[in-house]
Structure formats: C-alpha cells, structure tokens
Amino acid sequence: MTEHISVRRGVYRDSVTLLRISQAAASVPGITAAQVAMATPLNSELAADLGFSSPDGAGPNDLMITIRGQDDGAVAAALAAVDAAMTAPAGSSSPGTSAAPRTVRAAAAAHPEAPITLLSVPGAAVLGEALDAVDAGRHVMIFSDNVPIEDELTLKIAAAAAGVLVLGPDCGTAIIGGVGLGFANVLHTPDAGPRVGVVAASGTGAQQLTCLLDEAGVAVSQVLGVGGRDLSERVGGRSAITALGMLDADPGTDHIVLISKPPHPATADRVRALAGTLRTPVTMVFIGADQPDITDSVEQLLAELGRPVPSWRCWQPADTARRGRGALRGLFSGGTLADEAMVVISADLGGIRSNIPLEPALTLPESVAGHALPSLAGLGHAIVDLGDDEFTVGRPHPMIDPTLRLELLAAQAADPDVAVVLLDLVLGHAADPDPAASMAPAISAAVDVAAAAGRELSVVVSLCGTADDPQDREAQAAALVAAGAWVFASNASAARAAASLTGTVPAQPSPTGAGRPAPGPAASAGPDLPSATPGPDTTMLTAPGPVICAGIDLLADALRSQAVEVVAVDYHPTVFGTADAAAVPAALRSVIADSRRGPANTLAAERMMAVRAQLIDVRPAHEALGLRPGEFCHAGPPIAFARASGPLRGALIGALIFEGLADDEAQAIAKLESGEGISLQPCHDRHAVGPMAGVISPSMWLFELTDPATGARSFCSLNEGLGKVLRYGAFSPEVIDRLRWMAEVLGPALGIAVRAAGPIDITAIIGQMVQMGDEGHNRNRAGTLMFLREILPALIGSGLPAADVAEVARFVAGNDHFFLNLVMPTGKLMGDAAAGIPGSTVVTAMCRNGTDFGIRVSGTDDEWFTGPALYPDGLFLPGFGPDDANPDIGDSAIAETMGIGGMVMATAPAIVRFVGGSVPDALAVTGRMYEITEAENSAFAVPILEFRGAPTAVDVTRVLRTGILPQINTGMAGRVAGTGQVGAGLVTPPMDCFTAAIQGLAARVPTARS
Amino acid sequence: MPVTAPLRARPAGRLGSTRLVAAAATGLAPLLDGADRSGVVIGVLSQAVIIQISGVRDPRVICLLSAAASGVPNGVRLGGIRSMDGHRPGDEVVVGGGRIRIVGWELAIVRRWSSAVRPIDPPTGTTELADAAAAARRGVTASQLAALTEALEHCVDSTTEDVARSAIDALVGLGPGLTPAGDDVVAGMLTGLHATGHAGLAGRLGRVERLDERTTALSADLIRLAAAGHAGVEVLHLLAAVHTRAPLRRPIERLLSVGHTSGADLATGLAIGMRVGATRREVR
C-alpha cells in the first residue's frame, strides 16, 4: 500500500468539479481510496475516517489530495489523473473571444438581455455577486447555502428597492418560463387547462408538490423558490410577497400555491393579507405538525381545480412479506421531505431524533451532529437531512454526490437495532444522472448484510420525479425494486409505509394516502391591503432569455442541456494570507452590506472625473509649499530615514547637497541619521506628488495646478530626464548641476511662459495623449510634445536670452517623460476630489516610498494602509539585472489611481515590449481593470476599445472580491543609493494594502442598520 | 430573403450530424411530436433558417432561431448557436419524434416555451402602443387601418364579419418582405382579439381564403398561428407588461425592434385588436 497526502495552497475548484476529479483518481487501476477536496473541517475529518493523517495547517482555502493505492505506480498514475483533470480548461472561452467576466457586474453589463442570475458561489461570497445582479436590475436565484441571514436581509431590502426578486438563498429549485434552474423536474405543461404557479420556501417540498400535480395532468406555470428562511420573522416574507405579486401579474398563472414550513405567525399574517388582495386565488400549503401532508394538500387542490385525483404511483418488490422489527432510520437529501416524513411517522411512532428535529428535545446529540459521518447507533428512530448546511460545506449536495448517504446506509444495515431505512430520491435536472446505479447495489448489499446477521431489513424509497425527467423514472424505480426496495411517488405514503414496516404499528402501507382526515389547506383570507403596486419586471416568466451563472459548472450545464443560453462568470474566490483569513472576509461582507457604499462610490467617481486640471504657475517649493530649510518631502507613505531604501536615501543625500546643507555624501548621511534640523514628510501631505524617490526640497521648482470648479491645488516637481537623476537616487555632481540649472533657468522660464500663455488645460492634453499612444505613466511622448506646443510661443516671446530658450526647448523636447510630472498632479487633484466621502471604498491615492506601498481610501480619508512594496517585473537596461533593482517606488502610481497608466495599457501598444508584455496582454490587462473600477472616464477614451472610457476609481471591495490588483507601469530604480534607473516594468500593490483598508473601512461602518 | 438559384438538394444528415439541443414554441407541438415528415429549407437569414414542411395541415413552417433572433411563434431556438452559416435553400429536412434533422445537425427538442396568448386584464396603454408603432416606418396606409378598425368595431354577426374579412383581405400580402406589412398588421390584430378574450372571433377572421397563394409561406403560417392564439416572445412580453400595468417603454422598444418593420406593424395591429376587443361586449 502506498499513500499520498498533499496540500495545494490557495487552489480553488468548486465541489462538483472536485467530485469529478476524485472520481477520475479513484478510477485509476490499483487505487483503493482517493479524495480531492477543499480542506474544510468536514473533509479533513472524512480523510481521517479513511485513515489518512490530517495535513498540518491546511484550511478551507487549500486543496487537499489524499490517495491510497496498491503501489507507487498506481498512486503516481492517480496523481497524474488529478493534474490532468485540474488543468483541463474551465469554461468554454476559446481563443479570440474576450476573457470571461469575473464578476456578475461585468456579465450583466455585457448582457443587458439576461434577466436572471444564478449563483452557486460559496455562501460568504454571495452578497457581493448578488448585489451586483440587483444593482443591474436583474432577478437573482441563490442556490448557495451557508449564506448569513444578515446578508439575506440586506439583499432582499436592496432587491425590493430595485424592483427585482431574490430567489433563495438556499433555493434549490425554480422553474421560470419553462426553464428549470437548479434541481428542477421536467414538467409536462400543456397550454390547455388551469395553470398553477408555485411560490416555495421549500425546495423539495415544491418538487414533491409539482411532481404530484404533473402526475395529475395539471400544468405548473412557474416555480419561484424564495429560500427556507424567507417566511421567518426576521426576513418577513420579503421575497414571497414579491413572488406572489409576480405570479399574480403572470397571465399564464391561474392559481397560486405557496408552500412552506410553518411560517412565523406575523409573517404568515402579512402574506395572507397580501394574498387576499390578489386577483389570482392563492392556496397556502404549510408542512408541519397538525398540517395536512403535501399529498393531501395536492388532492385538496385538485378538488378545488375540479380535477380528478389519480392513484399515486408506487412500485413494490416481489417479496413483500419481509417484516423486521426495530428502529426506522431516514437518510434524506431533501429537507422538506425529511420534515414531512418526520411529521407523518411521529404520528405513529412518537418522537424522531434528527438534525432538523420537530422539537428541540429531539436534536441529535452534539457528538453525533458535529461529525462527518453521524453514528445513529442506539438512538432509536432517527431521520437525518444530509442536505443541511452542516453536511455541505466544501462538499456537493447529496443529490449530486451520494457517497455520504451510501456510507450511512451501510452503517444502518450493520446496526442490529434497525428494521427500516427510508430514503428519498429526487430526480430532475442537475441531480445525479443515474442515482439507482449506486443506490440499488447499496440497498441490495444492505439487505444482504442484515440477512446474514439474521435480520430482516426493509428499505423504502420516496421517489420524487416525473415521467419526463432525464433519469427515466420507470427505470430508476425498477432498479430499486429489483434491489428489494418499496418505492413511492408520494413522500407521505413512503413515510407511512416505512412506519408500518417497523413492525410496531398495525396500519398497512397506504400507497395513496387516501382516506385520511385532511383539514383543507388554509384558504387565503385577511384584511385588505392596498393593492399591489406595479410589480417587478415579469418578462422572465414568459421567456427567461440567457441566464448569468456564477459558481458550479453543473448548474450551467443543466441549463445548456435545456437549450438555454448561459453567460458564465469565471468566479473564483480570493485567497488571503492566513493572518487575515477570517478577519478580511468578515470585514468585506460588512463593507459590502453598507448601504452608503453604492451612492458614495458613485459620488467619488463623479467628483474624480469632474476635475479639469489647469496648469497656472511654476514656482519654487519654498514659495508654493512653504517648505523651510531642512524640510523635505518624499514619495509614498510616511517613512523614517532609517527604513529608507537606497534610491530614497540617494535622493535625500543629493537634495541636502543641492540645498547646501551638506558638502558630500558622508555629511549628508550623518545629518539624515541624526535627524537634526531635518524633517521628512510625504509629498501627499502637502497636496504634492513626486515621481520615484519624489524628493522635493525648498529650492526645487514645482508645477502648480488647480481645478477651477473647486479651487483645489496640486503640485509636482519638474522632470529631470532619464538616466542618472536624483529621483532614481543618483546624486553625482552632474545630477546636482542639472538641478541647479533647473532651479535657475528652467523653472523661471517655464513660470514666465505659463503665466503668459494663461492656464493650460492639462486634462485636455491627457485626453488627447491617451488617444495618441501614451498611457501617461511609462509613455508620455505625445503629451510632452503637445505641452511644448502650448508653451513654445510664450517662451519665445518671453524676452529671455535665446540661448536659454533654446536650451529649455531642447531639454523639454529631449525628455519623453517631461509631461509625466503634469499627469501626476492632475491625478492628485482627481484623487483629492474623491477623498473623504463616508462609506466610499474608492482608492484616492496609491504610492510607494521604496520600502512600503501605501494607499488611501475615500471613506477613511487620509489614513494610510500599507504593505511591503513589491519588485517590478520587466526589462532591465544593459548591464543591470534583477539583483540590482529596488522595490517599487514613487508617487507616480497616482496615474493608475486616476485611471490611466497601467490601467489603460491597451492604448499604448508601442511600449508593451518595453515592460515585457505583448499587445494581447495589454488588451487583457485593461479589460481586467474594468472589473475593479467604479466608473469609465469618457474624458480619457481608449480608441482600440471602441473609445471606451478609462477604467477609473479603483474599488477596494472589488479588488478583494476578484483578487485582481491594479496594474501599475513603472520605472525601476537601482537598489544601491546613487545608481539611478536600471529598468522598467509592471508591478501591483501588495494585497496587504487592500486587506488593511477593508478592515479600516469596516471599523467605520455604522453598526445600526435597518 | 436571399433567394438563390436552387442548388442540388442536400439530404438531411449529410455532412455528419452534430447533436444540438433546442427549445420549441408550443404552437409547433403537433408538428414536432408527430411521425417523421419531410421538409425543405426555403430561406436562410443570418439568424434564422426557415423550413417548410409538406403534406400536413397547420402549422407548416418552422424557423430555426439563433440566440439573437426574435422569438416567432413557429420558432425553435437553438442553444449556443450564433450563426446559421452553412445552410442553404433547398436543403432537405426531416421533422418528427421530437427531433429535427437538417444538413449538419440533429436537433433534440428538450424544452417547450409557451407561445399561447392568454386573456389579460382590460388593456391599458393601447394609445402608447399605437403612437409608438405609428412613429416607426410601416407600409400600411392610415385609411386602410381606419377601414380595418371600423369593420372590426361593427362586427356583430356573420354579415358584418364578412365586411371585416374583406378589410383583412385588403391587407393580406400587402408590402414587401418576408412578412409583408399588411400580414403583420393582421396577425397583430388577431393576437389583440385573443388577448381581450375574443378567441372565437379571431379564429373566424383568421381563416383567410387562398392564404397560401397570396403571401409568403412564413407569413401565412404566422397568420394561422395568430388566429389560433399563438404569438411571438416580444408580443407576449408586451402583453404581460400590460397585464401587470408595468411601464411599457421597454417591451414596446423590444417589439419595435423585431425585423425590419414587422415589429411596428405587429404593434399597429395589436393596438387595434386590443382596443376594439376591450370595448366589444361579446366576451368568450
């Protein structure tokens, strides 16, 4: 025997895909056990049950591979099968098509004709995707379970405001306009006769009801699932009320049935009151103690509709004499079916233990319920709902994966107390394509195991399906009967038969359930309500159109098999560092749920895009910023000299020499280390920005920009050119000499020219440069030439010596990056305009000091969120390599903050190779940036994308949801002080900035919410 | 419709057969569920293939629709198909047993979508609908529409029904195109009568003599389906919105975007049928 256990950190696949991968590994010859699953506590325990030691430190975001085989060769082959299955392309995107949308927002924007979104993403991730759908005016069905009730409430409140329906969470089934979503039976819906629409707070309850109606020849127009908690006191029936209104408005629905477990009385009153105002008659079917069972309710309904009651199908084994005596064990995949069975059976047998008990005293003992494989030994009559949340974390639903249930069945067969096992089997779209193939042999084996021990075990199956279901109901029933099971189409009949087979009740199995006293279903009645206002868009009820799907592929495939167009979202969850593993998702959910966020972000983006930056002056920093001798500004978030990186140290040394505060490097370092008479602060704190080291000293000259609408100001140093320059940390005499010339000639000359030319519209130049191949960060050639064109006449007419004018013109024209220092203060004006809006998650500054990357966010105003600056990835100048590079540095990421630079990489094909990429890469990068930004800035339009506006206003929540980080184009500085530039490339902020920001934002979410 | 010189007929099933799933309008049920029948492709558009089935009573045309095509009541929508390239007029087709076989494809009908027109609450918004339709270009004159409206309004017995039928006769086949404008007005009007509860009258008025000789096969089929109470998705969406008293702007826009001018002509007829139908006393 050879065993293999490994963990792949941060690899995510949905549970159904993992089931397929596990099956691929298990089918390799010589393999005795294989499990490929996310390392949730439940799955780790299952691995332990299989005899595997649990891998250390593996968590729910890690993939766990456990394989046992006869020899090394078999295990190696199984691992190869796992790798092959893992690397198979997900989704159906083919070359030449654009990348699949990563969020529901992007999918909805690309498909305005798709009215419904189907979500099966992990429960904690539902809120963001579902709000995307609601915000885009789409109905949303949430198949996912484990969705917190606070999220459900947030969503349903938002949905009511947007006029859309939320189906779910934990909505397993819906039929809309003839299309089955989730687990859905294939119903025969003739155009003739009455048509029943169903509102269901119970998935399998609705399936049982509609299958029986189908058997009786009654057409079911729609099934709208609203989730099991909708009729609770807290949720208040919000979705049920909307759904009732929609069915009332559906000309194809003549009668409405609401099916649910007993609702909260106050909610029941609300729903009844509404039902009384509808034009369409409403029948309420509540499943629970003292209520008619579903079969009785259907019979009652058929009577109301004037339809005959058929004799419900049942399939009996040839040998019906078998009769043991002992406990009944129910192993269910459908919660409502389990619930109904308990109600029916407890009338005959008394209390039934369960994980979803009829009364709290009957709850399974803690030691049983918390385990992957509950042992029911010694508990008497018991029914387990294996579809309940506790059994489905990181595992497929038992309707898809029978493993857990079959193991439990075997355990019951071995339990001497057990006389009867009751199972449900639900057919239809998305369910196991051939459940009898595994269930029938398991039943047969169970009966044999019991017989070998001298016991008689009866197996009863409640078969919920229709004649048209893809599994072939007759064949499924025949296989089960051949294995020795009793099979009933009516769940209540199955439960009654199972109870009688325990040998403890005298009653015979009653295949039809007829003859029982049945109080009529509660007819709708109640006080008058104002009649329903014009309801949500009901066009989906006529023909649903394409469906946006995010989550497990199986559900999308089930739609495709019905000839439904699927818009697939390439969803995968973001993995955070272990330190943040719990805190970040919680903070993210709380911020997403904050109702201020949407409007606040809209406002932030609008303010950002409304800025019209005008260059009004060029002045020395001591004048413009009020910098006094010894005061220096630097790029990035605050930093002490002791932590400063090489380039920043070099630039500060050069600045001290330039200011005459030190004669040489040694003196400068001594002064900086002692800190005496020296103060350092971020440029950002003075509404200024500086590229790379970004050092500004009092004698340096600065561009001064303003936004006339608000009067806001921003400042930036003058660009020194490329090569050995102060901003890259060089401080040799040529560098200092150039700075002197810039202060004595260039600055004053530009000042005269700018004042003479009048305000220069920098925003307009940026809009043009973005259409001319400049992305405004690593390519500024067009912008520089346009700027020169603006100032040249005034410069020539300035009366300055011709030699100076010529030198200024030569300097500006000879430096393709000259205009970068005008892009940057424009970005600063835009970022500042968006700052300080409570609830907004828009990033207003991104910058680095060579050691830390820092971001500021609108809703947290001037607070910095930092993480370690990363190393850019790109190309190096001759003579330099990766070892020579310093981590990312500079305020220039303000270009990406404002929506250009790396964000519009697609517009600058000329430089894609310079930063180590290709043109398709560039198009893909910009396409991806739309996933994380709030708005598109039409002032900066990208021609190759059909003049789509630049992706603007990075949203912290979307970065965390998608794991997509803003793309920054940047130059690379040498690691050692004095080196200068060594290359250029691409970089992103570290995720830490965003995980820190979300926690800062969450701390400011008001606690009292509606 | 591009009418090319008939090429040599290609038998169904040639060139291999890719299996596809499709969803059919319920109005096609008798044809699709019956025994195998042969048909022929009579038109190929970028988003639709039009098939005529021989030797049967109604309906006799099937439209294979791509994802983007409008939802005609004799339509079969193909999942995941965006182009009808590769088909050509004259290709042979076999229909029956829930399947359609055509050159290159075998389609399994896995789902039905209801094309049935259901009675709606007293209609509102017919003026909005008529105004919107009038603003769009169409090929039927105001006087012809007035004649149709007046004849319908006075339609109380077999004699007056004859008058109405001649007003309809004046429209059938009127105008160019695959579905002539006059036909679309008639189909819309018949749908309007169905929606207001006058199925019997719509059925009688829809029996146009020598219909097949007077218009295209597709258009004749759509008139027959309208008379039998079937309509396209865009019309059904609009009727649902009227029933719900929801804003009509978007459903009207969608209806008007059907075909070249077909949507506007359908809307024109629908407004007439609904307005007259709502004020008639005789309700089924």
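Taken in sequence, the protein lines are chains A and B.
Numbering-wise, the first sequence is residues 3 to 1012 according to our numbering.
Numbering-wise, the second sequence is residues 61 to 344 according to our numbering.
Every residue gets a Cβ at the ideal spot worked out from N, C-alpha and C, and that includes glycine.
Short Cβ contact (7 Å threshold) for residue i with residue j
i                      : j                      : result
residue 334 of chain B : residue 186 of chain B : yes
residue 635 of chain A : residue 683 of chain A : yes
residue 144 of chain A : residue 184 of chain A : no
residue 562 of chain A : residue 571 of chain A : no
residue 9 of chain A   : residue 23 of chain A  : no
residue 200 of chain A : residue 242 of chain A : no
residue 221 of chain A : residue 247 of chain A : no
residue 107 of chain A : residue 158 of chain A : no
residue 265 of chain A : residue 233 of chain A : yes
residue 505 of chain A : residue 420 of chain A : no
residue 764 of chain A : residue 824 of chain A : yes
residue 538 of chain A : residue 178 of chain A : no
residue 637 of chain A : residue 655 of chain A : no
Short CB-CB distance (under 7 Å) between residue i and chain A
i                      : result
residue 159 of chain B : no
residue 165 of chain B : no
residue 178 of chain B : yes
residue 254 of chain B : no
residue 201 of chain B : no
residue 132 of chain B : no
residue 124 of chain B : no
residue 296 of chain B : yes
residue 293 of chain B : yes
Any chain E beta carbon closer than 7 Å to residue i
i                      : result
residue 216 of chain A : Considering every chain present, this structure includes no chain E. Its protein chains are A and B.
Where residue i meets chain A, residues with beta-carbon distance less than 8 Å
i                      : result
residue 143 of chain B : Here the premise fails: no neighbours, minimum Cβ distance about 14 Å.
residue 311 of chain B : 541
Neighbour-count burial assignment, residue i, 16 or more Cβ in a 10 Å radius
i                      : result
residue 443 of chain A : exposed
residue 842 of chain A : buried
residue 329 of chain B : buried
residue 182 of chain B : exposed
residue 609 of chain A : buried
residue 564 of chain A : buried
residue 659 of chain A : buried
Within chain B, the residues that residue i reaches when beta carbons sit closer than 8 Å
i                      : result
residue 562 of chain A : 81, 139 and 140
residue 567 of chain A : 127, 139 and 140
residue 543 of chain A : 300
residue 181 of chain A : 171
CB contact below 7 Å: residue i versus chain B
i                      : result
residue 572 of chain A : no
residue 184 of chain A : no
residue 254 of chain A : yes
Contacts that residue i makes with chain A (C-beta to C-beta distance below 7 Å)
i                      : result
residue 86 of chain B  : 193
residue 317 of chain B : Correct list: empty, because the minimum Cβ distance to chain A is about 11 Å.
Chain A residues whose Cβ lies nearer than 9 Å to that of residue i
i                      : result
residue 106 of chain B : Correct list: empty, because the minimum Cβ distance to chain A is about 17 Å.
Any non-hydrogen atom of the ligand MG within 6 Å of residue i CB
i                      : result
residue 249 of chain A : Only the bare structure without any ligand can be found here, which leaves the ligand MG out of the picture.
Item to check | Three-pair Cβ contact test at 8 Å for the region 149-157 of chain B versus the region 313-320 of chain B | outcome: no
Checklist entry - How do the region 117-135 of chain B and the region 179-193 of chain B stand: do at least 3 beta-carbon pairs fall below 8 Å, yes or no? => result With contact defined as three or more Cβ pairs closer than 8 Å, the region 117-135 of chain B and the region 179-193 of chain B are not in contact.
Checklist entry - If you pair each beta-carbon of the region 388-396 of chain A with each one of the region 293-305 of chain A, do three or more pairs fall below 8 Å? => result These segments do not touch.
Next on the checklist: Measuring CB atoms only, is the region 486-500 of chain A touching the region 418-433 of chain A, in the sense that at least three cross pairs come out at less than 8 Å?
Outcome noted: Segments in contact, yes.
Next on the checklist: Contact between the region 950-962 of chain A and the region 923-938 of chain A is defined here as three or more beta-carbon pairs at a separation below 8 Å; is this criterion met?
Outcome noted: yes
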